[in-house]
């Protein structure tokens, strides 16, 4: 694996690693790591540094919905123009163009079901090019970004072993 | 040992075997809340899911019976194929491969198969805790050969030559080494191979950590000219495939040695558990990518660990393999046992005293880096505080002695 790839791999799993630690782990100088990260940020490879939060553990009202959207593609731009418009709404967390029975998959976050329903009814569904929507509310999150949120695997090793 | 009055009925050889030095710290560490353990001799990874799933599927299909004594033939075939790919050595799955209950059993079988009463076995120390007891239990005489930090805990042909006698029957080698992490370069192993040929020794090569080699390629002892048939090569799934609790390993050697070991295994164990064998088969077939991911992770941590000890001012040679560092703690003025006990009590970090692996391990501790980067960072923060404290205590004690003219 080349060094930029290794840096990405490490940061994607733990964005709190310091450049010093990364430098030690990859046998690079700190300056080299800083340069590589700066380049990855500049060319849009690294977009942001986030924390994966299990919101169920704190008292925060939150509703997630997956919305299937059927779209009439437009001449020359296909789905791009409609997708771009949908993506501008801050309620939209993730947005994908899909193969299969519908076109866009939209992950929407709101405080209440009513708020999400309202977003679909007043913002998403009336958009030009949007033909139909089907809303699926999320009941429980089991795994996010590769991390199991339910009581996962504990360290069951003996404290000391030869 | 408990005292119920029956001890005099015991076999004197068993009675003379000392319980493992690790035991003492196990209870203390287990009772301590909030402990970070760098005392663990197994990966912090859980067995990859595809392996666990293959095991579940085997149960659903009803694989609940005995297997052939030497192990499932498809597994032995896969072991032979893997060994050819990884080490470039050919073994016949029918006659030269034996699947065992971990490398622990394979080691016991190898010793029992070749050691006759009074035979001497050369064992470089520091070494894994079972080598001396298993040799004694097999009726042999363990002959420890000390190694030191000045030579990176590598044993030399000259060291072995000094310890050899007409009764020397075998040599037990373990590189990459537990507890030191030492590996052996080709040229030095070549000299040892020549020594073994000259003395006509059997070599038991415990290479359980082979895949966890970070500096260059692993050099297998059996790959030297003339050494394949002289060597009983021990390998397993515990470390590289993160499968410690499954208890499955294997031995590779000439048909005479494997046949003899199979005889003992057949009468004492019958076969390794079929469920573990099915899991091992899946690991060999489809687990190599996952293994290299884990090895890469260990190599990252190894560098963090070496740096942390150098910043702490504890001399630590560069361990080329396994997942252990073996720093010198004499600068703190503490013995290995005191260091370990106080570190648990005062900073809640568990390590293993070096003397648990042989007398020449005194003055060292074994730190496993089979722990997450976060745990390692926190453990090093605590250890740094601990080491600085005792180093300054040690310094002022020395200058006090100097003042009153006592020997240091």
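Chains as they are written, first to last, in our numbering: chain X, 4 to 165; chain B, 124 to 531. For glycine and all other residues, C-beta sits at the position ideal for the given N, C-alpha and C.
(request) In the DSSP assignment, find the unbroken alpha helix (DSSP H) run with residue 313 of chain B in it and report its ends. (result) In the second chain, the residue the question calls residue 313 of chain B occupies position 190. Residues 309-322.
(request) With a 10 Å radius around its C-beta and 16 neighbouring C-beta atoms as the bar for buried, classify residue 518 of chain B as buried or exposed. (result) Here residue 518 of chain B refers to the residue found at position 395 when the second chain is read from its first residue. So residue 518 of chain B ends up on the exposed side.
(message) Tell me the rounded alpha-carbon separation between residue 128 of chain X and residue 41 of chain X.
(response) As a working note, residue 128 of chain X is residue 125 in the first chain. As a working note, residue 41 of chain X is residue 38 in the first chain. One C-alpha to the other measures close to 41 angstroms.
(message) Quick check: what's the CA-CA separation for residue 344 of chain B versus residue 141 of chain B?
(response) Along the second chain, one-based indexing puts residue 344 of chain B at 221. Along the second chain, one-based indexing puts residue 141 of chain B at 18. Whole-angstrom Cα-Cα distance: 30 angstroms.
(request) Taking only runs that begin and end inside the segment 466-518 of chain B, name each unbroken beta strand (DSSP E) of 3 or more residues, in chain order. (result) 488-491
(request) Give the single residue among B:167, B:222 and B:218 whose Cα lies nearest to the Cα of residue 189 of chain B. (result) As a first step, residue 189 of chain B is located in the second chain; it is residue number 66 there, counting from the start. Nearest of B:167, B:222 and B:218 to residue 189 of chain B, Cα basis: B:222.
(request) Assign residue 409 of chain B to one of three DSSP states: helix, strand, or coil. (result) Numbered from 1 along the second chain, position 286 holds the residue referred to as residue 409 of chain B. DSSP places residue 409 of chain B in helix when its eight states are reduced to three.
(message) In the DSSP output, what is residue 265 of chain B paired with across the bridge?
(response) As a first step, residue 265 of chain B is located in the second chain; it is residue number 142 there, counting from the start. The partner list for residue 265 of chain B (beta bridge, DSSP) reads B:244.
(message) Please list, in chain order, the chain B residues whose beta carbon lies closer than 7 angstroms to that of residue 28 of chain X.
(response) Working through the first chain from its first residue, we reach residue 28 of chain X at position 25. 423, 426 and 427, listed in chain order.
(message) Can you pull the chain A neighbours of residue 162 of chain B, defined as C-beta to C-beta under 8 angstroms?
(response) Although the question refers to chain A, the structure presented lacks it and instead comprises the protein chains X and B.
(request) Might you give, ordered along the chain, the residues of its own chain that have their beta carbon closer than 6 angstroms to the beta carbon of residue 276 of chain B, omitting 5 neighbours on each side? (result) On the second chain, position 153 is the one that residue 276 of chain B refers to. Excluding residues within five positions, the ones whose Cβ falls inside 6 angstroms are 270, 303 and 305.
(message) At the level of alpha carbons, what is the spacing between residue 152 of chain X and residue 57 of chain X?
(response) Stepping through the first chain from its first residue, residue 152 of chain X is reached at position 149. Stepping through the first chain from its first residue, residue 57 of chain X is reached at position 54. Going by the C-alpha atoms only, they are around 7 angstroms apart.
(message) Going by C-alpha to C-alpha distance, which of B:488, B:377 and B:310 sits closest to residue 463 of chain B?
(response) Counted from its first residue, the second chain places residue 463 of chain B at position 340. Answer by Cα proximity: B:488.
(message) Using 8 angstroms for Cβ pairs, my map puts residue 266 of chain B next to residue 244 of chain B. What's the rounded Cβ distance?
(response) Locating residue 266 of chain B in the second chain gives position 143, counting from the first residue. Locating residue 244 of chain B in the second chain gives position 121, counting from the first residue. Confirmed, Cβ separation roughly 6 angstroms.
(request) State buried or exposed for residue 525 of chain B, treating a residue as buried only when at least 16 other CB atoms are found within 10 Å of its CB. (result) Taking the second chain and counting its residues from 1, the one referred to as residue 525 of chain B is at position 402. Flag for residue 525 of chain B reads exposed.
(message) For a cutoff of 7 angstroms on Cβ pairs, would you count residue 153 of chain B as touching chain X?
(response) Taking the first residue of the second chain as 1, we reach residue 153 of chain B at position 30. Output row for residue 153 of chain B: interface = yes.
(message) With a threshold of 7 angstroms between beta-carbons, can residue 147 of chain X be considered close to chain B, or not?
(response) By 1-based counting over the first chain, the position of residue 147 of chain X is 144. Answer no: the Cβ-Cβ gap between residue 147 of chain X and chain B never drops below 7 angstroms.
(request) Within the same chain, show all residues whose beta-carbon is closer than 6 angstroms to that of residue 328 of chain B, passing over the 5 residues directly before and after it, in chain order. (result) Start at 1 with the first residue of the second chain, and residue 328 of chain B comes out as number 205. Taken in chain order, the residues that qualify are 296, 344, 354 and 356.
(message) Within 10 Å of its beta-carbon, does residue 325 of chain B have 16 or more other beta-carbons around it, so buried, or fewer, so exposed?
(response) The residue you call residue 325 of chain B lines up with position 202 of the second chain. Residue 325 of chain B comes out buried.
(request) Check the C-beta distance from residue 401 of chain B over to residue 181 of chain B and give it rounded, since I have them as a contact under 8 angstroms. (result) Numbered from its first residue, the second chain carries residue 401 of chain B at position 278. Numbered from its first residue, the second chain carries residue 181 of chain B at position 58. At roughly 4 angstroms, the Cβ-Cβ gap stays under 8 angstroms, so residue 401 of chain B and residue 181 of chain B are in contact.
(request) Give me the Cα-Cα distance between residue 308 of chain B and residue 342 of chain B, rounded to the nearest whole angstrom. (result) By one-based count along the second chain, residue 308 of chain B stands at place 185. By one-based count along the second chain, residue 342 of chain B stands at place 219. So the two alpha carbons sit approximately 7 angstroms from each other.
(message) Could you compute how far the alpha carbon of residue 247 of chain B sits from the alpha carbon of residue 145 of chain X?
(response) The residue labelled residue 247 of chain B in the question sits at position 124 within the second chain. The residue labelled residue 145 of chain X in the question sits at position 142 within the first chain. Answer to the nearest angstrom: the Cα atoms are 50 angstroms apart.
(request) Consider the Cβ of residue 156 of chain X: report whether some Cβ of chain B lies at a distance smaller than 7 angstroms. (result) Position 153 of the first chain, counted from the start, is the residue given in the question as residue 156 of chain X. With 7 angstroms as the cut-off, residue 156 of chain X counts as an interface residue toward chain B.
(message) Quick check on this structure: which residue in X:147, X:43 and X:163 has the alpha carbon closest to the alpha carbon of residue 59 of chain X?
(response) Translated into positions along the first chain, residue 59 of chain X becomes position 56. Of the listed residues, the one whose Cα sits closest to residue 59 of chain X is X:147.
(message) So for residue 190 of chain B, helix, strand or coil by DSSP?
(response) Residue 190 of chain B sits at position 67 when you count from the first residue of the second chain. Coil, per DSSP.
(request) Could you tell me the distance, in whole angstroms, from the CA atom of residue 390 of chain B to the CA atom of residue 422 of chain B? (result) In the second chain, counting from the first residue as 1, residue 390 of chain B sits at position 267. In the second chain, counting from the first residue as 1, residue 422 of chain B sits at position 299. Approximately 41 angstroms between the Cα atoms of the pair.
(request) Could you say which of B:288, B:193 and B:477 lies nearest to residue 165 of chain X if we only look at CA atoms? (result) If you number the first chain from 1, residue 165 of chain X lands on position 162. Out of B:288, B:193 and B:477, B:477 has the C-alpha closest to the C-alpha of residue 165 of chain X.
(message) So, at 7 angstroms on beta carbons, what are the nonlocal neighbours of residue 312 of chain B in its own chain, with the 5 sequence-adjacent residues on each side left out?
(response) As a first step, residue 312 of chain B must be located in the second chain, where it is residue number 189. Same-chain partners within the cutoff: 342, 344 and 347.
(message) Can you give me the C-alpha to C-alpha distance between residue 494 of chain B and residue 136 of chain X, rounded to a whole angstrom?
(response) The residue labelled residue 494 of chain B in the question sits at position 371 within the second chain. The residue labelled residue 136 of chain X in the question sits at position 133 within the first chain. Answer to the nearest angstrom: the Cα atoms are 47 angstroms apart.
(request) Pull up the CB-CB distance for residue 371 of chain B and residue 186 of chain B, whole angstroms please, since I reckon it's below 8 angstroms. (result) In the second chain, residue 371 of chain B corresponds to position 248, counting from 1. In the second chain, residue 186 of chain B corresponds to position 63, counting from 1. Going by Cβ atoms, the distance from residue 371 of chain B to residue 186 of chain B rounds to 14 angstroms, so no, they are not a contact pair.
(request) Report yes or no: do three or more beta-carbon pairs, one from the segment 40-55 of chain X and one from the segment 99-116 of chain X, lie closer than 8 angstroms? (result) no
(message) Is there a Cβ of chain X sitting closer than 7 angstroms to that of residue 406 of chain B, yes or no?
(response) Here residue 406 of chain B corresponds to residue number 283 of the second chain, with the count starting at 1. It does not: the Cβ of residue 406 of chain B has no partner Cβ on chain X nearer than 7 angstroms.
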